[in-house]
Amino acid sequence: MMKRRPLLVFTVLWVIGSGAACLYDGWKLAMIAVGLILLLLAVCQWVGAGRLYTICMLFSLCVSGSYTGNGMMRRM
Numbered sequence: 126m127m128k129r130r131p132l133l134v135f136t137v138l139w140v141i142g143s144g145a146a147c148l149y150d151g152w153k154l155a156m157i158a159v160g161l162i163l164l165l166l167a168v169c170q171w172v173g174a175g176r177l178y179t180i181c182m183l184f185s186l187c188v189s190g191s192y193t194g195n196g197m198m199r200r201m
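In my numbering, each residue carries its 1-based index in the sequence shown increased by 125.
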């Protein structure tokens, strides 16, 4: 499991989600999030990642996309 570098992947997805949340809002952010989630699921399926690994990465992407810098969740 550690050979897949889960902490690095978690961090990269957190940065991607947070960057998307800073650049976009509303429906545009929702569509970009859906696209990123589908892309992530396709890549995890392609490399044969386990369910727990995939769920953790989805969690990282979704939470970072809804989190703002001041400690509050973004309202959609």
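For every residue, glycine included, the Cβ atom is placed at its ideal position computed from N, Cα and C.
CA-to-CA distance, residue j to residue i, given in whole angstroms
| i | j | result |
| --- | --- | --- |
| G196 | V188 | Confidence in G196 is poor, its pLDDT being 45 and thus under 50, which makes the residue's placement too unreliable to answer from. |
| V159 | I141 | 13 Å |
| L154 | L161 | 10 Å |
| F135 | S185 | 6 Å |
| Y178 | I157 | 22 Å |
| W171 | L183 | 15 Å |
Three-state class that DSSP yields for residue i in the structure shown
| i | result |
| --- | --- |
| R176 | helix |
Residue j beta carbon less than 9 Å from that of residue i
| i | j | result |
| --- | --- | --- |
| L165 | L138 | yes |
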